[in-house]
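K.L.:
Using the working numbering, read the sequence shown as starting at 73 and increasing by one per residue.
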Amino acid sequence: MKVLVIGSINTDFVVESNILPELGETVFGQDFAMLSGGKGANQAVAAARLGATVSMIAAVGDDEMGRRETKLLKQENIDTSGIHIKIGVPTGVAVVNVSQGDNCIIVVSGANAALTVDDIREQQDKILAADVILCSLEIPLACVEYANQQAYKYGKKFILNPAPAPHDLPDELVALPTLVTPNLIEYAQIFGLPEHCQAADVVHHFKQYSQENMLVTCGRHGVLYHHHSYAQRQSGFKVNTLDSTGAGDTFNGALAAFFDMPRREAVRHATAAAALSVTRKGARNGMPFIEELKRFMQEYQ
Ligand code: RIB
Numbered sequence: 073m074k075v076l077v078i079g080s081i082n083t084d085f086v087v088e089s090n091i092l093p094e095l096g097e098t099v100f101g102q103d104f105a106m107l108s109g110g111k112g113a114n115q116a117v118a119a120a121r122l123g124a125t126v127s128m129i130a131a132v133g134d135d136e137m138g139r140r141e142t143k144l145l146k147q148e149n150i151d152t153s154g155i156h157i158k159i160g161v162p163t164g165v166a167v168v169n170v171s172q173g174d175n176c177i178i179v180v181s182g183a184n185a186a187l188t189v190d191d192i193r194e195q196q197d198k199i200l201a202a203d204v205i206l207c208s209l210e211i212p213l214a215c216v217e218y219a220n221q222q223a224y225k226y227g228k229k230f231i232l233n234p235a236p237a238p239h240d241l242p243d244e245l246v247a248l249p250t251l252v253t254p255n256l257i258e259y260a261q262i263f264g265l266p267e268h269c270q271a272a273d274v275v276h277h278f279k280q281y282s283q284e285n286m287l288v289t290c291g292r293h294g295v296l297y298h299h300h301s302y303a304q305r306q307s308g309f310k311v312n313t314l315d316s317t318g319a320g321d322t323f324n325g326a327l328a329a330f331f332d333m334p335r336r337e338a339v340r341h342a343t344a345a346a347a348l349s350v351t352r353k354g355a356r357n358g359m360p361f362i363e364e365l366k367r368f369m370q371e372y373q
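Put into structure tokens, the structure is as follows:
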């Protein structure tokens, strides 16, 4: 598959601690690492490792982090010619707090916020060449809306991963994409469900009201999706979770890479890829290559 990711690139400052501090509190951490991240870049890497031909439209600053991130993406066989260098703004960064395998993240967008519709328009050839276009929400909404319209206009598959959780997603961004892939929190946000609603409430809402193009990732509980007008559930693969950072990105990148498979198979492969991704620390360290994924799925039968 030819996958075009229009999305963010970050450098992740990852801090691991047994507990997370309350506001005003200081705690000791156990580990620190500077790693590569950004939902867009992570998704691009996941798709490339699984055999897709991947290109990116994105933005970095004119700084060491931007050069490093771009170089690393090239090393993953990703076409980086659509990465714009923005003068006077830093490359995006994320402070990732990992605790007990789970994480919370603060993103400072930097150059990601400076990506423009014109930057995407300049790379029209990449849109025309793609089978699947994948976007998440760490870039300006205007860019995502433009990508969505272009995908619709040229008959391209469009996956919208509405992460981080959107506050006011325009109706078109819910209705037009081939697939919208929120997690439980993002789903609740999109449909105005109470902030701390239970997973069961989301499942109920999904079965009753959600349209065919909606797919919900539910962490270790698997994935809800539609197939031939019926709500379906793919169970999670049981693994030893070390760090869930990037699991959603792996799922979305894999889904794009396997988009030509029947939906059920694509979802199963992407769920397995996401499961493998949490078995190593860092957003990308656990992302499988195709051989590893195949082996895992065979052994798991
Ligand atoms: O989804 C994980 C990613 O979210 C991290 O790599 C971080 O950069 C943030 O974008």
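We treat Cβ as the ideally placed atom computed from N, Cα and C, and that holds for glycine.
Can you give the Cα-Cα distance for I362 and L95, rounded to whole angstroms?
P.N.:
42 Å
K.L.:
Between L213 and K225, what straight-line distance do the alpha-carbon atoms span, to the nearest angstrom?
P.N.:
K225 has its alpha-carbon roughly 18 Å from the corresponding atom of L213.
K.L.:
Starting from E88, trace the beta strand (DSSP E) in both directions and tell me its first and last residue.
P.N.:
82–88
K.L.:
Which residue marks the beginning of the alpha helix (DSSP H) containing K353, and which one marks its end?
P.N.:
Looking at the DSSP string, K353 is not in any alpha helix (DSSP H), and its letter there is neither H nor E.
K.L.:
What is the DSSP secondary structure of T152, counted as helix, strand or coil?
P.N.:
strand
K.L.:
For G109, I'd like the list of residues in its chain whose CB is within less than 6 Å of its CB, leaving aside the five on either flank, ordered along the chain.
P.N.:
N82, D84, A166, A355
K.L.:
Per the DSSP calculation, H299 is bridged to which residue(s)?
P.N.:
Y302
K.L.:
Rounded to the nearest angstrom, what separates N233 and P254 at their Cα positions?
P.N.:
Between the alpha carbons of N233 and P254 lies a distance of about 6 Å.
K.L.:
With respect to the beta strand (DSSP E) encompassing L107, which residues constitute its N-terminal and C-terminal limits?
P.N.:
103–109 is the extent of the beta strand (DSSP E) around L107.
K.L.:
Where do the N-terminal and C-terminal ends of the beta strand (DSSP E) with L76 fall, by residue?
P.N.:
74–78
K.L.:
Would you kindly work out how many angstroms separate the C-alpha atoms of G123 and M73, rounded to a whole number?
P.N.:
Their Cα atoms are separated by approximately 8 Å.
K.L.:
Given this structure, state the Cα-to-Cα distance separating N357 from V87, to the nearest angstrom.
P.N.:
16 Å
K.L.:
Out of S171, R292, V132, point me to the one whose CA is closest to N184's CA.
P.N.:
V132
K.L.:
List the endpoints of the continuous beta strand (DSSP E) containing L206.
P.N.:
Boundaries of the beta strand (DSSP E) harbouring L206: 204–208, taken from the DSSP string.
K.L.:
Assuming D190 is part of the beta strand (DSSP E), what are its boundary residues?
P.N.:
That residue, D190, is in no beta strand (DSSP E); its alpha helix (DSSP H) goes 189–193.
K.L.:
Relative to the alpha-carbon of T142, which residue among F230, V274, G320, V117 has its alpha-carbon at the smallest distance?
P.N.:
V117
K.L.:
Looking at ligand 1, does it come within less than 7 Å of N114, judged from the CB to the closest heavy atom?
P.N.:
yes
K.L.:
For ligand 1, any of its heavy atoms closer than 7 Å to the Cβ of V117?
P.N.:
no
K.L.:
Within the same chain, show all residues whose beta-carbon is closer than 6 Å to that of T298, passing over the 5 residues directly before and after it, in chain order.
P.N.:
Just to set this straight, residue 298 is His in the shown sequence, not Thr. Closer than 6 Å at Cβ, skipping near neighbours: E284.
K.L.:
Would the C-beta of V126 count as close to ligand 1, meaning under 7 Å from any of its heavy atoms?
P.N.:
no
K.L.:
Please name the residue, chosen from P334, V216, N175, G173, that lies closest to R193 on a Cα-to-Cα basis.
P.N.:
V216
K.L.:
Taking only the alpha-carbon atoms, compute the straight-line gap between V77 and V126 and give it to the nearest angstrom.
P.N.:
Taking the straight line joining both Cα atoms gives about 7 Å.
K.L.:
Can you tell me which of the three DSSP states M128 falls into?
P.N.:
strand
K.L.:
Hey, out of E337, L92, L209, I262, whose CA is closest to A113's CA?
P.N.:
L209
K.L.:
Buried or exposed: where does R374 fall if 16 or more other Cβ atoms within 10 Å of its Cβ makes it buried?
P.N.:
Not covered by the structure: residue 374. The range shown for the chain is 73 to 373.
K.L.:
I want to check one thing, is the minimum distance from the CB of S80 to the heavy atoms of ligand 1 below 7 Å?
P.N.:
yes
K.L.:
For I157, which residues in the same chain have their Cβ closer than 7 Å to its Cβ, ignoring the five residues on either side in sequence?
P.N.:
Short of 7 Å from the beta carbon of I157, and not among the five residues preceding or following it, lie these beta carbons of its own chain, in chain order: V132, D134, G138.
K.L.:
DSSP on D197, reduced to helix/strand/coil?
P.N.:
D197 falls in the helix class under three-state DSSP.
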